[in-house]
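Numbering (the numbering used here), first residue to last: -11 to 285. Glycine is no exception: its CB is placed at the ideal position from the N, C-alpha and C atoms. Remember, predicted model here, so these are calculated numbers, not experimental data. The structure appears right after this line, and notes come after that.
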């Protein structure tokens, strides 16, 4: 009979705990004491998926599978402070977050890539072009994105008043999980007559949000609420797909994607009628088809 203990010991000795470039799960160090968790699946042209707030890469479950099956290499990572990535105290401004993205692109030696940013992740897409010249990226997609500018100012009168962000911050500090629970219902358009996802799935997304660092949750909310990307939109010099639901109660379409579509030179703008913010699940089949058509075009 085989000596199982001896066999297991040999297997452990043979196993390389330094994750190789070919591994599907890896941690990439992007700064001192900061490692980001990265999933890297499939073969073909790379597609980089940037998650929304305060979720993690798992939100892309249905897109990852679909794109890999359609011959794309999919890289989905956890932003610093979220999911399995390091949770430093600082570095939640868009410059630093985009420098993290550049490190992933550089260290994986990605070329001819597509950047896909959901909600907050749209900011990293835009900043990657304005800050790093879009190196290695030939297509971009903005899904339910926060760009170009959410805050109400004299020259952005339709924006959210600063008090709204302050109320959100206070609710997070008081009861972060309770806030996420209520936020999730609005996020997916759940109400008395509309239940686009099961209660267990809604609880699963709440759990993903709960893994985020409280500090990162607050500081990232400040970043996407107050960062003005309007002057950066002209730096996006690749074909861009813009998708947004017209019933988005989290990031209103008129304030964001409609304006972005008027300022980005080469874009395809698609409005999902009746769709909420979290259309990566509620309208996943349509999103997957539209995203694939764009990538293949």
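Exposure label - residue i; buried when at least 16 CB within 10 Å
i: residue 8; result: With a pLDDT of 41 at residue 8, under the threshold of 50, the modelled position of this residue cannot be trusted, and the question is left open.
i: residue 277; result: exposed
i: residue 180; result: exposed
i: residue 112; result: buried
i: residue 189; result: exposed
i: residue 253; result: exposed
i: residue 165; result: exposed
i: residue 13; result: exposed
Euclidean distance between Cα positions of residue i and residue j
i: residue 80; j: residue 204; result: 7 angstroms
i: residue 239; j: residue 132; result: 7 angstroms
i: residue 121; j: residue 62; result: 22 angstroms
i: residue 158; j: residue 31; result: 44 angstroms
i: residue 186; j: residue 266; result: 14 angstroms
i: residue 40; j: residue 229; result: 17 angstroms
i: residue 134; j: residue 248; result: 10 angstroms
i: residue 52; j: residue 139; result: 32 angstroms
i: residue 223; j: residue 153; result: 28 angstroms
i: residue 198; j: residue 118; result: 32 angstroms
i: residue 260; j: residue 274; result: 9 angstroms
i: residue 155; j: residue 206; result: 12 angstroms
i: residue 64; j: residue 150; result: 32 angstroms
i: residue 18; j: residue 34; result: 19 angstroms
i: residue 60; j: residue 46; result: 18 angstroms
i: residue 284; j: residue 54; result: 14 angstroms
i: residue 116; j: residue 103; result: 9 angstroms
i: residue 183; j: residue 161; result: 28 angstroms
i: residue 220; j: residue 201; result: 29 angstroms
Those residues which DSSP pairs with residue i across a bridge
i: residue 287; result: Nothing about residue 287 can be read from this structure; the chain reaches only from -11 to 285.
i: residue 358; result: Residue coverage of the chain in this structure runs from -11 to 285, which leaves residue 358 outside it and unanswerable.
i: residue 148; result: 139
i: residue 174; result: Residue 174 is not bridged to any residue.
i: residue 17; result: 23
i: residue 312; result: Residue 312 falls outside the range modelled here, since the chain spans only -11 to 285, and no answer is possible.
i: residue 28; result: 63
Three-state class that DSSP yields for residue i in the structure shown
i: residue 22; result: strand
i: residue 252; result: coil
i: residue 64; result: strand
i: residue 114; result: helix
i: residue 228; result: strand
i: residue 80; result: coil
i: residue 330; result: The chain is shown only over -11 to 285; residue 330 falls outside these bounds and no answer can be derived.
i: residue 239; result: coil
i: residue 246; result: helix
i: residue 47; result: helix
Whole-angstrom C-beta distance between residue j and residue i, which should lie under 8 angstroms
i: residue 256; j: residue 282; result: 6 angstroms
i: residue 268; j: residue 48; result: 7 angstroms
i: residue 44; j: residue 196; result: 5 angstroms
i: residue 177; j: residue 235; result: 6 angstroms
i: residue 38; j: residue 105; result: 4 angstroms
i: residue 82; j: residue 211; result: 6 angstroms
i: residue 217; j: residue 136; result: 5 angstroms
i: residue 227; j: residue 127; result: 5 angstroms
8 angstroms Cβ cutoff, residue i in contact with chain D
i: residue 192; result: Absent from the structure: chain D. Only one protein chain is present.
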